[in-house]
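Read top to bottom, the protein sequences are chains A and B.
Sequence positions in the first sequence follow the working numbering and run 1 to 215.
Sequence positions in the second sequence follow the working numbering and run 1 to 216.
Structure record follows, encoded as structure tokens.
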Amino acid sequence: MATPTDARDDLVKGLWRENPVFVQLLGLCPALAVTNSAINGLAMGAATTFVLVGSSLLVSSLRRWIPKQVRITTFIIIIATFVTVADFSLQALAPGVHKELGAFIALIVVNCLILGRQEAFASRHAPRQAAADALGMSLGFSYALFLLGAIREVLGSGSLFGMSLFGPDFEPWVIMILPPGGFLTIGLLLALFAHVKERRERAVQTAAASERRAA
Amino acid sequence: MTAPAAGSLRMMGTLGVAGLCSGLAVVGIFLATQPRIERNRAEALEAAIFRVLQGARSRAAFVMRDEGLVRHDAANGAAAAPEIVYAGYDAAGALLGFAIPAEGPGFQDTIKLIYGYDPSAGRVVGMEVLESRETPGLGDKIIKDAAFVDSFRNLAPDPELVVVKDGRTRDNEVDGISGATISSKAVVRIINEANARWRDRLAAGLESATTARGSE
């Protein structure tokens, strides 16, 4: 059933082709709200990875025993449990990060990316594929958040990972770490992604056309 | 699809089991992490006490009772008492002042802070925000703006502190942060309220605090 190519595709598709943030536009609430610094973006990505991979594995292993009518409720119970574990663990091990992310850790429960993967993928596939899919989606989500956070921190605070980049004469663009900065950044990144995608497709088409002519 | 349509008993069973396992897991992680979380909080508070009372080498906790300031030991749940102050002592054991936790509404959520108060001079000698959710980039300057935080190193809070806009000229004035007016006013108001609450009580209880010895 699951060939190695399939498993690799399950993993890779989340990075680019079906990137949760840049292509599916899922989970935008945390993606915009906490990405006012690179480290916050990374921490949110890590917490989401833990929850998504954990619940996908569990949902996929239990998929034969979960009655169809109560599957969403069951998924939410499973997701909420992983979120609570992540919440308390962060509070205990990285109180500084937890302080920054605040309520958004608890709100991972309602990140539509996570429930969406359970319903669309984990509940229909074997644990190995589900884990690959979850990992790919999480990595795609994490690097998107890191990118957003890094851009906003560099422009909005003039620093990266808290290290000052431009010296004291730099006037930070405060708007970049405020909510509008999140929208501006993601808008520009989406435009960039669309542009790259379009150029790729055009390149493929021209290559195909010239091959046909050559034949 | 996943599983066939099921009867109500099976659905109840599934949800019951899921809820039970989830409950056990949540309680388990809570019990496992709670001591560490409490310790983190206590350490953060401890560090803040010594930062708002510069030069302090030891401290002792006190609570206000009818009979005056009463020594309050960590052993009987120091963190649990609502009205608690920390007396700081220098290396020789002389009372330097009190670190007073206080809280009040900020721009977005409750601001919790601790400030140092020297009762002999009647001065605020330091301030540190412990918990807040002020706007990143604007309101959080009450933590990150060094000039603002440092201005609390020597303030006369009586009759009360006021926020001014164009440079402070008097001992009871604090320069507000542009872009964080509400947050800086909130900090000043919290200290004013706490000072009004504590000033006379601390004066009355000074003796018991002076004769006590702190622990590191």
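Even for Gly, the Cβ is constructed at its ideal location relative to N, Cα and C.
Everything numeric in this text was worked out from a predicted model, so none of it was measured.
Annotation for A:S89: no residue places its beta carbon closer than 6 Å to its own, counting only its chain and skipping 5 residues before and after.
DSSP lists B:A102 and B:V129 as the beta-bridge partner residues of B:L113. By the neighbour-count definition (other C-beta atoms within 10 Å, threshold 16), A:L26 is a buried residue.
Identification of chain A residues near B:R36 by a Cβ-Cβ cut-off of 7 Å yields A92, ordered along the chain. About 15 Å separates the Cβ atoms of B:R51 and B:A87, ruling out a contact at the 8 Å cut-off.
B:G116 is not a Cβ neighbour of B:S183, given a cutoff of 8 Å. A:L135 is not a Cβ neighbour of A:V83, given a cutoff of 8 Å. In the structure shown, A:S142 falls within a helical segment according to DSSP collapsed to helix, strand and coil. For A:A46, same chain residues with a beta-carbon under 8 Å away, outside a window of 5 residues either side, are S142 in chain order. Out of A:I108, A:P67 and A:T185, the CA that lies nearest to the CA of A:F50 is found in A:I108. Annotated three-state conformation of A:L25 is coil, per DSSP. The secondary-structure analysis by DSSP pairs A:I175 with nothing; it has no beta-bridge partner. Distance from the CA atom of B:L161 to the CA atom of A:L93, rounded to whole angstroms, is 38 Å. Cβ atoms of B:I191 and B:P157 come within 8 Å of each other, at about 7 Å.
Think of a sphere of 9 Å around the beta carbon of B:V26: the chain A residues whose beta carbon falls inside it are A80, T81, T84, V85 and F88, in chain order. Around the beta carbon of A:V204, fewer than 16 other beta carbons sit within 10 angstroms, so the residue counts as exposed. Contact of A:L178 with chain B by beta-carbon distance below 8 Å involves T135, P136, G137 and L138.
DSSP, read as helix, strand or coil, puts B:S8 in helix. Around the beta carbon of A:F121, 16 or more other beta carbons lie within 10 angstroms, which makes this residue buried.
Chain-order list of chain B residues neighbouring A:T74: T14, L15 and A18, by C-beta distance under 8 Å.
Within the segment 156–174 of chain A, G156 and V174 place their CB atoms closer than 7 Å to a CB of chain B, listed in sequence order. Looking at the DSSP output, B:V164 shares a beta bridge with B:D175. With fewer than 16 other beta carbons inside 10 angstroms of its own, B:V164 counts as exposed. Beta-bridge partners assigned by DSSP to B:A60: B:A87.
In the DSSP annotation of this structure, the continuous segment of the alpha helix (DSSP H) that includes A:I76 starts and ends at R71 to L93.
Here the segment 129–149 of chain B makes contact with the segment 173–181 of chain B; the two share three or more CB pairs at distances below 8 Å. Taking every protein chain shown into account, the CB of A:M163 has fewer than 16 other CB atoms within 10 angstroms, so this residue is exposed. Contacts with chain B at 8 Å (Cβ-Cβ) do not include A:I108.
Rounded to whole angstroms, A:L28 and A:E153 show a C-alpha spacing of 18 Å. Annotated three-state conformation of B:G97 is strand, per DSSP. For B:F62, the number of other beta carbons within 10 angstroms of its own is at least 16, and it is reported as buried.
One thing to note: B:M11 has its Cβ no nearer than 8 Å to the Cβ of A:V59.
In the three-state DSSP reduction, A:V34 falls in the coil class, being neither helix nor strand. Of all residues in the segment 27–38 of chain A, only N36 place a beta-carbon less than 7 Å from a beta-carbon of chain B.
For B:L202, the enclosing alpha helix (DSSP H) covers residues T181 to A204.
Taking a 10 Å sphere around the C-beta of A:D87, we find 16 or more other C-beta atoms and assign the residue as buried.
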